[in-house]
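Asker: Sharing a structure here in structure tokens format.
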Amino acid sequence: MLKKMQRRFIAAAMAAFGTVMLVLVTVINVVNYCQTAARQDDLAENLLRHERRVLTDRRTPPPPLTDMPGGGPEAEFTTRFFVMRCGLDGEIEVVSKEHIASVDEETAKGYTAAVLEKGKEKGYYGDYRYHVSREEGGMSVLFLNASHDLQFMNTLLCVSLAIGSGSFLVVFLLVVFFSRYAVRPYAKNMEQQKRFITDASHELKTPITSIATSADIAAMEHEGDEWIANIQKQTMRLARLVNDLVALSRLDEETPFPEKCGFSLSDAAWEAAEPFAVLAKAEGKRYKQRIEEGLAMYGNRDSIQQMVSILLDNAIKYSGEGGEIRLDVYRRGRKMCIEVWNTCHLSDTSDLDRLFDRFYRLDESRSAHTGGTGIGLSMARAAAEAHGGRIDVRSAEGKSICFRVLFHCSEKIHRSF
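Numbers given in the working numbering equal positions in the sequence shown, counted from 1, plus 10.
Structure, rendered in structure tokens:
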């Protein structure tokens, strides 16, 4: 129980921290990408205006890039681009690549054809940021070399991911270390609760036994007295409740079954179900079972049989007059399944998971009539979880209810099974 709570605490803390780190890394890189792309687009527009002046007036020398808005004194040396002037049909008319030496004319034409085929005005193509400007009588396509900016974005992405991953690992180790202190008060509280249940059960057993003995003697002297019969009934119920509380407290321990062994699940299910088949028939209810042969598991046989008994007892009690009960024990892939199904009449099926809470009852009047203690299903869930399994419940429109227990097949089972 404590280890499970510690794992949940670690998982919750790391999920929160991981989400924050993921959002932080994403925001940093998205903002950097948007700012870089916006800066390159502004530069591309200024370069296009500059190139239009060059293409429209070839008689005068072209103005330097330093005179361009946002150019700067080093613009002639740091800005690498080429411009392709195309007609409306996409045919290239003018190639301007005075400001780049690494791209020949054929490569430039290939880039232009690929960009025009995309149909987008802005974007990245290889190491270039392109900008398509549609004008009267044609269009201009500018390719701005953005290799340094792209390299910086990739570096920032890798560094931020590395820092995020490293931070996640460090925080994980710290959370694992400090989680022991976080669950310590809960562990102390659980230990005190278990000690109280154990001490109280020992203190209660003596007066309960005394009351039961006195009631038996009184019943012999006053045969048929309904008050004495009620005392006997309630005494038995109280004794059963005390025993169930002690058993449930033991199931909540870290190692409820110090000694486990391989056993035949098929035989254990047969033995546990046999008295309930007779009981169902005696109450006029239909009982069916399908137990697959050769099933085996590793754990505590008595606990598994008690779990099956609890589920079958619950099914018989709440199946109603002329009801139907079915037990299925089978293997599905690498899992073994125990299903207990019965007909019933449920008015509300929205909160079935609460059936596993201690002392919770869907129908108080019905439960009082059946004489249950309200912790049987809690014990069934504790037994399933103690064996590494899980139990769930589902209902078909309130007309039937099915409890299903799933166990993983263990490799510790002896080959003899």
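Note that CB positions come from ideal geometry on N, CA and C, so glycine has one too.
Any idea if R144 is buried or exposed, counting beta-carbon neighbours within 10 angstroms, 16 or more meaning buried?
Answerer: Along the sequence shown, read from residue 1 onward, the residue named residue 144 stands at position 134. Classification for R144: exposed.
Asker: Here's the rule I'm using: 16 or more other beta-carbon atoms within 10 Å means buried, otherwise exposed. How should N352 be labelled?
Answerer: For this step, residue 352 is matched to residue 342 along the sequence shown. N352 should be labelled buried.
Asker: For the beta strand (DSSP E) holding R190, just list the boundary residues, first then last.
Answerer: In the sequence shown, residue 190 corresponds to position 180, counting from 1. R190 -> not in any beta strand (DSSP E); alpha helix (DSSP H) instead, spanning S157 to A192.
Asker: Kindly indicate the opening and closing residues of the alpha helix (DSSP H) around I320.
Answerer: Residue mapping note: residue 320 aligns to position 310 of the sequence shown, counting from 1. It spans R311 to Y328 - the alpha helix (DSSP H) in which I320 sits, taken as one unbroken run.
Asker: How is C44 classed by DSSP in three states: helix, strand or coil?
Answerer: As a position in the sequence shown, residue 44 is number 34, starting the count at 1. Reduced to three states, the DSSP call for C44 is helix.
Asker: Answer yes or no: do S106 and V93 have a C-beta to C-beta separation smaller than 8 Å?
Answerer: Here residue 106 refers to the residue found at position 96 of the sequence shown. Here residue 93 refers to the residue found at position 83 of the sequence shown. Cβ distance < 8 Å, so S106 and V93 count as in contact.
Asker: What does the alpha-carbon distance come out to for the pair S410 and L337?
Answerer: Looking up residue 410 in the sequence shown gives position 400. Looking up residue 337 in the sequence shown gives position 327. Cα to Cα, S410 sits roughly 14 Å from L337.
Asker: From G133 to D363, what does the alpha carbon distance come to, in whole angstroms?
Answerer: As a working mapping, residue 133 is identified with position 123 in the sequence shown. As a working mapping, residue 363 is identified with position 353 in the sequence shown. Going by the C-alpha atoms only, they are around 53 Å apart.
Asker: Taking 8 Å as the limit between beta carbons, can you name the residues of its chain near C96, skipping five residues before and five after?
Answerer: Here the question's residue 96 lines up with position 86 in the sequence shown. So the qualifying residues of the chain are I102, E103, T122, L126, G148, M149, S150 and V151.
Asker: Quick one, are the C-beta atoms of I320 and K295 less than 8 Å apart?
Answerer: Taking the sequence shown and counting its residues from 1, the one referred to as residue 320 is at position 310. Taking the sequence shown and counting its residues from 1, the one referred to as residue 295 is at position 285. Not a contact, by the Cβ cut-off of 8 Å.
Asker: I think R391 touches F366, with their Cβ atoms under 8 Å apart; what is that distance to the nearest whole Å?
Answerer: Residue mapping note: residue 391 aligns to position 381 of the sequence shown, counting from 1. Residue mapping note: residue 366 aligns to position 356 of the sequence shown, counting from 1. Right, the Cβ-Cβ distance comes to about 5 Å (below 8 Å), so this counts as a contact.
Asker: For G272, name the three-state secondary structure that DSSP assigns.
Answerer: Walking along the sequence shown from the start, residue 272 turns up at place 262. Looking at G272 - three-state DSSP - the assignment turns out to be strand.
Asker: Over the uninterrupted alpha helix (DSSP H) stretch that includes E395, give me the two end residues.
Answerer: Here residue 395 refers to the residue found at position 385 of the sequence shown. From DSSP, the alpha helix (DSSP H) with E395 extends over G386 to A396.
Asker: Compute the beta-carbon to beta-carbon distance between T46 and D159, rounded to the nearest angstrom, for a pair I have assumed lies under 8 Å.
Answerer: To locate residue 46, count along the sequence shown from 1; it is residue 36. To locate residue 159, count along the sequence shown from 1; it is residue 149. Indeed, because the Cβ distance is near 5 Å, the residues count as touching under 8 Å.
Asker: Which class does T117 belong to by DSSP, given the choice of helix, strand or coil?
Answerer: Here residue 117 is taken as the residue at index 107 of the sequence shown, counted from 1. Helix at T117.
Asker: To the nearest whole angstrom, what separates the beta carbons of V252 and I221, a pair I think is in contact under 8 Å?
Answerer: Counted from its first residue, the sequence shown places residue 252 at position 242. Counted from its first residue, the sequence shown places residue 221 at position 211. The pair is not a contact, with the Cβ atoms about 12 Å apart (cut-off 8 Å).
Asker: Identify the continuous beta strand (DSSP E) that holds S360 and give its terminal residues.
Answerer: Translated into the one-based positions of the sequence shown, residue 360 becomes position 350. Taken as a continuous stretch (DSSP letters only), S360 belongs to no beta strand (DSSP E), as it is neither H nor E.
Asker: Could you work out which residue in S360, C347, I110 and E233 is closest to E303 when comparing CA atoms only?
Answerer: In the sequence shown, counting from the first residue as 1, residue 303 sits at position 293. Taking only the C-alpha atoms, the option nearest E303 is C347.
Asker: With distances taken from CA atoms, which of A406, A54, Y196 and I335 is nearest A156?
Answerer: As a working note, residue 156 is residue 146 in the sequence shown. Ranking the options by Cα distance to A156, first place goes to A54.
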